[in-house]
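What follows is one structure encoded as structure tokens, with my remarks underneath.
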């Protein structure tokens with residue numbers, strides 16, 4: 148199935164984006180820590196453009212993968228970004244690996260492979276009805292609002308709590324944006340001009356921007372390990388639910404098969420959680436997103452990520 152290698156390549160591009168953009172901003176002197184000075188610095192760094200190209204490549208590969216495969220297959224495969232990040236940090240930078248990286252990688256790969264092996268990769272070509280979109284968008288927006296409200300329940304007691312809930316809200320936004328992308332690929336298959344006659348292609352931008360803003364809130368609210376865990380775990384789960392409910396993605400019938408799928412996803416999520424708690428992963432992701440945040444908020448003061456948050 149061509150969607151699987153395309154999704155894996157998209158995940159690899161995401162990992163390369165993290166590395167290249169980190170290299171692009173880490174050489175900036177303290178005087179260029181934020182704002183226009185930082186922008187001028189990275190624009191003189193060819194490596195930053197490589198990271199930007201990798202980010203565009205990731206989006207195109209993911210969109211193409213969604214055109215060939217179902218949402219419930221492509222989105223779970225995107226979590227392999229963390230595995231590629233571990234490999235790159237070990238091979239390229241010689242970073243030492245510990246038990247957390249090994250256990251997290253094994254559990255993630257095992258759970259994902261079991262899910263893909265048991266799940267039926269057919270279906271996923273049904274274009275959503277208006278009523279279906281209304282239900283999905285309403286539920287997702289309500290879930291995002293609830294997650295955002297939960298950040299205030301213990302805001303003075305736990306920064307990890309706030310960061311995790313903001314990460315969950317961002318993950319739901321990204322899953323919704325992926326569903327808009329999937330719908331756009333279906334429209335494209337019916338004719339290029341079809342994409343200009345529907346609202347779904349424009350909604351990709353709205354969902355992506357909402358996820359980006361919530362992601363920045365998550366990184367600023369607390370430890371990177373808390374937000375990264377919910378970002379990587381919630382996205383594929385929500386995507387599977389949307390894929391089955393909205394696009395008629397096929398999962399093998401029977402209580403036993405569905406229980407196996409759920410168990411496989413649980414194993415994958417445990418592996419992802421272990422990986423996101425790794426200082427190796429947390430440090431790399433924190434630095435990359437800190438640099439990106441500075442660029443996107445050039446006229447605002449952006450809080451620094453402290454060592455205690457990594």
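In the numbering used here, the protein residues as written are 148 to 457. Yeah, the Cβ is synthetic: ideal placement off N, Cα and C, and Gly gets one too. Keep in mind the model is a prediction, meaning the values are calculated, not measured.
When we look at the beta-carbon of residue 402 and count the other beta-carbons within 10 Å, is it buried (16 or more) or exposed?
Note on residue 402: under 16 other CB atoms within 10 angstroms of its CB, so exposed under the neighbour-count rule.
Beta-bridge partners of residue 270, as assigned by DSSP:
Residue pairing by DSSP places residue 270 opposite 396 in a beta bridge.
Does the pairing of the region 223-239 with the region 273-292 give three or more beta-carbon distances under 8 Å?
Remark: fewer than three beta-carbon pairs, one from each stretch, lie closer than 8 Å, so the region 223-239 and the region 273-292 are not flagged as touching.
Using the three-state DSSP reduction, which class does residue 240 fall into: helix, strand or coil?
In the structure shown, residue 240 falls within a coil segment according to DSSP collapsed to helix, strand and coil.
Status (buried if at least 16 other CB within 10 Å, exposed otherwise) for residue 164
With 16 or more other Cβ atoms inside 10 Å of its own Cβ, residue 164 counts as buried.
Closest residue to residue 399 among 219, 169, 330, 414 (Cα-Cα distance)
It is 219.
Under a Cβ-count criterion, where at least 16 other Cβ atoms within 10 Å of its own Cβ denotes burial, should residue 352 be classed as buried or exposed?
Residue 352 sits exposed, since fewer than 16 C-beta atoms from the chains shown fall within 10 Å of its C-beta.
Below 8 Å, can you find three or more Cβ-Cβ pairs linking the region 380-397 to the region 408-416?
These segments touch.
Can you give me the start and stop residues for the alpha helix (DSSP H) that residue 329 sits inside?
Counting along the chain, residue 329 sits inside the alpha helix (DSSP H) bounded by residues 306-336.
Give the straight-line distance between the Cα atoms of residue 161 and residue 390, rounded to the nearest whole angstrom.
It is roughly 22 Å from the alpha-carbon of residue 161 to the alpha-carbon of residue 390.
Under the three-state reduction of DSSP, which class applies to residue 275: helix, strand or coil?
Coil, per DSSP.
Rounded to a whole number of angstroms, what is the C-alpha to C-alpha distance between residue 322 and residue 208?
Each residue's alpha carbon lies about 16 Å from the other.
Among the candidates 420, 320, 410, whose CA atom is the shortest distance from the CA of residue 261?
Of the listed residues, the one whose Cα sits closest to residue 261 is 410.
Which of helix, strand or coil does DSSP assign to residue 367?
Residue 367: helix per DSSP, three-state reduction.
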